[in-house]
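Engineer: First the structure, which I've put down as structure tokens, then a few questions once you've had a look.
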Amino acid sequence: MVSYRDLRDFIARVDALGALRRIDGADPIHEIGGITEVAAGLPECPALLFDNIKGSAPGFRILTNTTTNAQRAALALGLDPSLPPLDILKAWMKKRATLAPQPPIPVNDAPFLENSATGDAVDVEKFPAPVWHRGDGGPYIGSGSIVIMRDPESGWINASIYRVQVHGKNKVTIQFDHQGRHGAIIARKYWEQGKPCPVAVVNGEDPALFIAGFEYLPPGQSEYDFAGAIRGAPVEVISGPLTGLPLPAQAEIILEGELLPPEQETLLEGPFGEFTGYYAAEKRPCPVMRVLAVHHRNDPILLGSPPMKPPRFHFGLPFRAATIWSNLESAGVTDVTGVWQHVSQLMTVVALKQRYDGHAKRAGLIAAAHTYMGRLVVVVDDDIDPSNLADVMWAVTTRCEPAEQIDIVRNGWSSALDPRIPEEDKRRGITAHSKAIIDACRPFPWRETFPRASAISLEEARAIEAKWDDVLKRVK
Ligand SMILES: Cc1cc2nc3c(=O)[nH]c(=O)nc-3n(C[C@H](O)[C@H](O)[C@H](O)COP(=O)(O)O)c2cc1C
Ligand SMILES: [Mn+2]
């Protein structure tokens, strides 16, 4: 079904779906971020292409809301964008489980070599790096950019998303949320030998690489191989003129350089609005990348993906829910009919057909164990569409007796980004929280005699939508 060649090709496909809006003359200081956040909250949630950006050369563009709805996330995954969102997620869950890694292939030329600068000519500030949110500490060239590093021992190439703040013509910072990030692990290996870590920042990558950069892959596995598998064609890479790192040949903007040992230099980074809708911390010391070369295509496009207030999220499909769905299946939990996440991954819903007493709780406990920063896990019966929050809340308010059907699990997986963990606890190293598991299924022993639902069934509703689509869509 795929395969778009690069970000430009993807933009053309989004445009063909009528889902692209062009915006001229916006200000990168607060305005582009504001427009992006408002647009992401609209029901149709369009992708935005900003041009003639205040303070930058015409043609230097920013794309935002690239994959923020289910339709464009499906397009990026090579799945049918016309399917209902839960069906797309299920298709992705199945595809992900059988993806064969596709190693990148080397090529000899890259459009980003159209414009190259090294040494004193390096000027990162010529690109329109937005100050996304009002309280942010500065402009970010990397919000959806990929950071490339090579493991000095095994040669493994890691290519993940870490934010990149601009601090001058040839200085940026790269921020790891915690020391377990693969980039942080690799950089430390160089630093322990007293060396800087060769690094490249890739901007305007194709959306398959953008998605791969977000996925949790095991150490040693390259996001390049995963991106190739998603797209159904290997990533074309060219050796970076300065670092020798393999760089995606079709990307828009590349920064090459070195990440300096923190003992040598750090800069104060942030604050930066997080996906929770809050700031997680004030300015903090952060590793510095000395930019030694910059390459870009003519009229380059930055892929901007600022965290926004929930429910807005970088991806219009909850990819982490697909992983939980797989985990449930591989643990032997049968009859799961759907898994979804709401509030930007902060709430997880599992739907299943109950076969035995304890089935729902078994699923809820597994889901709770795997929800990052999520305080709320809900299990519903199979007549509920877990992607429909109104349906889910209908089940919670009519099938759940709180005194009997809510459990609380303590010391669960969260992070230092959690706004509800007190600062003094974080200073003591506490980053865990409690999770509520709400069993909103009809109680198993009397599920057959539970009051019959008067509402239309999911299947019937789908069939009516399909048959009466034209008429219903005309009602405004
Ligand atoms: C748009 C976006 C921005 C992100 N920003 C950061 C970041 O600044 N720092 C970070 O550590 N993780 C960030 N993440 C999460 C990581 O990219 C993600 O967890 C990834 O799997 C980490 O890869 P790794 O296992 O190779 O370290 C971001 C994710 C997305 C989608
Ligand atoms: Mn990785």
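First residue of the sequence shown? That's 166 in this note's numbering, and the numbers climb one at a time after it.
All C-beta atoms in this analysis are idealised placements derived from N, C-alpha and C, irrespective of residue type, glycine included.
Predicted model only: the values in this text are computed from it and were never measured.
(1) Leaving out five residues on either side along the sequence, give the residues of the same chain with a beta carbon under 8 Å from the beta carbon of Ile131.
(2) Of the choices Lys219, Thr229, Ala533, Ala631, whose alpha-carbon is the least far from that of Val203?
(3) Can Gln340 be considered in contact with ligand 1, in the sense that its beta carbon sits closer than 7 Å to one or more heavy atoms?
(4) Check whether the Cβ atoms of Thr283 and Ala458 lie closer than 8 Å to each other.
(5) Taking the continuous beta strand (DSSP E) assigned at Gln330, which residues delimit it?
(6) Go to Asn492, then tell me how far its alpha helix (DSSP H) extends in each direction, as first and last residue.
(7) Take Arg187 as the anchor and find which of Trp257, Ile227, Asp171 has the nearest alpha-carbon.
(8) When DSSP labels each residue in this structure, what does Leu144 get in the three-state scheme?
(9) In terms of alpha-carbon separation, which member of Leu382, Trp297, Asp245, Phe215 lies closest to Ile176?
(10) How about Arg455 and Gly422: are their beta carbons less than 8 Å apart?
(11) Taking Cβ to Cβ, would you say Glu388 is nearer than 8 Å to Ala377?
(12) Within a Cβ cutoff of 7 Å, which residues of the same chain sit near Ala525, ignoring the five residues on either side of it in sequence?
(13) Going by the C-beta, is Ile466 closer than 7 Å to any heavy atom of ligand 1?
(14) For Leu388, verify whether its CB is less than 7 Å away from any heavy atom of ligand 2.
(15) Going by C-alpha distance, which of Arg328, Gly345, Ala365, Tyr327 is nearest Arg315?
(16) Cβ of Ser325 within 7 Å of any heavy atom in ligand 2?
(17) Does the stretch 464-480 come close enough to the stretch 186-201 that 3 or more CB-CB pairs lie under 8 Å?
(18) Going by the beta-carbon positions, is the gap between Asp342 and Gln267 smaller than 8 Å?
(19) For Leu382, is the beta carbon positioned less than 7 Å from some heavy atom of ligand 2?
(20) Can you tell which of Asp192, Ala181, Ala205 has its C-alpha closest to the C-alpha of His479?
(21) By how many angstroms is the C-alpha of Ala191 removed from the C-alpha of Met166?
(22) Whole beta strand (DSSP E) runs in the stretch 245-306 with 3 or more residues, listed along the chain?
(23) Check each candidate in Thr614, Thr231, Ala568 and name the one with the smallest Cα separation from Glu370.
(24) Look at the Cβ atom of Asn234, then the Cβ atom of Asp189, and state whether they are nearer than 8 Å.
(25) Leaving out five residues on either side along the sequence, give the residues of the same chain with a beta carbon under 8 Å from the beta carbon of Asp654.
(26) For the beta strand (DSSP E) holding Gly594, just list the boundary residues, first then last.
(27) Looking at the secondary structure, which residues open and close the beta strand (DSSP E) in which Leu382 lies?
(28) For Ala620 versus Thr596, is the C-beta distance shorter than 8 Å?
(29) With contact counted as at least three CB pairs below 8 Å, one residue from each stretch, are the stretch 253-262 and the stretch 487-495 in contact?
(30) Just the Cα atoms here: how many angstroms apart are Leu242 and Gly220?
(31) Between the Cα of Val498 and the Cα atoms of Ile531, Pro208, Thr562, which residue gives the shortest distance?
(32) Tell me the rounded alpha-carbon separation between Ala349 and Pro427.
(33) Along the alpha helix (DSSP H) that carries Gln570, what are the first and last residues, could you check?
(34) Given a cut-off of 8 Å on the beta-carbon distance, is the pair Ser552 and Leu244 in contact?
(35) Would you kindly report the start and end of the unbroken alpha helix (DSSP H) that includes Glu209?
(36) Which one or two residues does DSSP pair with Leu228 in a beta bridge?
Structural biologist: The answer reads as follows:
(1) An answer regarding residue 131 cannot be provided, because it is not within the stretch 166 to 641 covered by the chain.
(2) Thr229
(3) yes
(4) yes
(5) 329-333
(6) 484-495
(7) Ile227
(8) The requested residue 144 does not occur in the structure, where the chain is confined to residues 166 to 641.
(9) Phe215
(10) yes
(11) yes
(12) Leu517, Gln519, Val544, Asp604, Cys606
(13) no
(14) Looking at the sequence shown, residue 388 is not Leu but Glu. Yes, ligand 2 has a heavy atom inside 7 Å of this Cβ.
(15) Ala365
(16) yes
(17) yes
(18) no
(19) yes
(20) Ala205
(21) Confidence at Met166 is low in this model, with a pLDDT of 48, below 50, so the placement of that residue should be treated as unreliable; the coordinate-derived value is given next. Near 35 Å, if we compare the C-alpha coordinates of Ala191 and Met166.
(22) 280-283
(23) Thr231
(24) no
(25) The structure shown does not extend to residue 654, since the chain spans only 166 to 641, so no value can be given for it.
(26) No beta strand (DSSP E) holds Gly594; DSSP gives it neither H nor E.
(27) From DSSP, Leu382 is part of no beta strand (DSSP E); its letter is neither H nor E.
(28) no
(29) yes
(30) 35 Å
(31) Ile531
(32) 12 Å
(33) 567-570
(34) no
(35) Neither: Glu209 is in no alpha helix (DSSP H) and is coded neither H nor E.
(36) Leu214, Leu468
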